[in-house]
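Letter by letter, the sequence shown follows residues -10 to 105 in this note's numbering.
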Amino acid sequence: FGFLEHRLPLGFLHQQGAVVAPGSPVGHAAGNDLRARARRWGAPAEDVDIVGDEHVAVALVMLDQHRQELLRLHTRMYTDVLLDLSGLPPLERELAHWQVLQEQMSVLKRGMGWEE
């Protein structure tokens, strides 16, 4: 659980407090890094070239918000287990937490345009 509280090392973003905004040096580095990775993975040039720094910045903010929400949900889940807040039997409590996690994953997928 402790590892979830640390930021993931996203290449150039491993520095604490890096600002990823369109036009910022870090935002530009983020865009360049991700476009270079896409090219190495064989993405067609026309697809790679339409991804601007602003798209990368928005996606990284969305992923960071998703991470924060998952941390909140995990904290709530562990607190419920330790203090029996919901009063539900263990299996029902686990299923309720899994449902909330699945809903959060759907929010991310819709935000990224992967599902409607």
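For every residue, glycine included, the Cβ atom is placed at its ideal position computed from N, Cα and C. The structure displayed is predicted, hence computed values, not measured ones.
Closest residue to residue i among the options (Cα-Cα distance)
i    : options            : result
A58  : E81, V89, W30      : The amino acid occupying residue 58 in the given sequence is Glu; Ala does not appear at that position. Per the Cα distances, V89.
M66  : H86, L77, L97, P78 : H86
L97  : A48, A27, D38, R26 : A48
G152 : P33, H55, L71, G76 : The requested residue 152 does not occur in the structure, where the chain is confined to residues -10 to 105.
Three-state secondary structure (DSSP) of residue i
i      : result
M51    : helix
P79    : helix
L90    : helix
E35    : helix
E43    : helix
F(-10) : In this prediction, F(-10) scores a pLDDT of 49, lower than 50, which makes its location untrustworthy; the coordinate-derived value is nonetheless stated afterwards. Reduced to three states, the DSSP call for F(-10) is coil.
D73    : coil
M101   : coil
Whole-number beta carbon distance between residue j and residue i, since they are thought to touch under 8 Å
i    : j   : result
A19  : V45 : 5 Å
H106 : D53 : Because the chain here runs from -10 to 105, residue 106 falls outside it and cannot be looked at.
Cβ pair residue i, residue j closer than 8 Å
i   : j    : result
L60 : T68  : no
L62 : Q93  : yes
R24 : V37  : yes
S95 : E104 : yes
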